[in-house]
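Visitor: To start, I am sharing the structure in question, which I have written as structure tokens.
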Amino acid sequence: MKIPKLLIGAITLSLIFSGLVTAAEVPHDKITIEGVRPAGFNHDTHLVHGMKCGECHHKSTHEPFSNQEVIAQSKGTTLHCSNCHNENFENEELRDLKTVMHKQCKGCHLAGYDGKKGPTRCIGCHKNNDNKATYGSGFDKKE
Numbered sequence: 035m036k037i038p039k040l041l042i043g044a045i046t047l048s049l050i051f052s053g054l055v056t057a058a059e060v061p062h063d064k065i066t067i068e069g070v071r072p073a074g075f076n077h078d079t080h081l082v083h084g085m086k087c088g089e090c091h092h093k094s095t096h097e098p099f100s101n102q103e104v105i106a107q108s109k110g111t112t113l114h115c116s117n118c119h120n121e122n123f124e125n126e127e128l129r130d131l132k133t134v135m136h137k138q139c140k141g142c143h144l145a146g147y148d149g150k151k152g153p154t155r156c157i158g159c160h161k162n163n164d165n166k167a168t169y170g171s172g173f174d175k176k177e
């Protein structure tokens, strides 16, 4: 089942005006995760399904950051996985961003959220034929 863009916009606006998410809290809609094959990430797609910032952004103890903590951190600096997951990271298995992203994103997409699963094939997040990162609503697809 496809979710029309108008519906996604309406839900996002209702969240903003309901006080659940304020205008200052809404992250960039779409970001590109750079790499050999850049991947697209659409915050709105995840927020519409009720996901919290801490589903992806977590502390070194893997305790999730609250939405407020993520917002506070993102004002002065950008929250990048590579800020921690780099050659200096304690756990050698989680130094490589490709490994981290595939574990985090694909793991969640396989398990699903609120009864819906995200894309698990490469093209679901990575470059498509026109050489642009994809930002589709993976929750709309059954793979």
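Heads up: the sequence shown begins at 35 in the working numbering, then just goes up one per residue.
All C-beta atoms, glycine included, are put in the ideal place defined by N, C-alpha and C.
Between Lys86 and Asn76, is the Cβ-Cβ spacing less than 7 Å?
Guide: Taking 7 Å as the Cβ cut-off, Lys86 and Asn76 do not qualify as a contacting pair.
Visitor: Assign Leu144 to one of two classes, buried (16 or more other C-beta atoms within 10 Å of its C-beta) or exposed (fewer than that).
Guide: Leu144 should be labelled exposed.
Visitor: If the criterion is Cβ atoms closer than 7 Å, does the pair Gly84 and Phe99 meet it?
Guide: No. Outside cutoff.
Visitor: Using DSSP's beta-bridge definition, name the partner residues of Asn76.
Guide: Partner(s): Lys64.
Visitor: Rounded to the nearest angstrom, what separates Gln107 and Gly149 at their Cα positions?
Guide: Going from the Cα of Gln107 to the Cα of Gly149 covers about 31 Å.
Visitor: What does the alpha-carbon distance come out to for the pair Lys93 and Arg155?
Guide: When rounded, the distance between both Cα atoms is 28 Å.
Visitor: Which one of Asp78, Asn122, Gly74 and Cys139 has the shortest CA to CA distance from Cys90?
Guide: The shortest C-alpha separation from Cys90 is found at Cys139.
Visitor: If we ignore side chains and look at the alpha-carbon of each, how far apart do Ser116 and Thr95 end up?
Guide: Their backbone Cα atoms lie some 16 Å apart in a straight line.
Visitor: Along the chain, where does the alpha helix (DSSP H) containing Val134 start, and where does it finish?
Guide: Segment Leu131 to Met135, the alpha helix (DSSP H) holding Val134.
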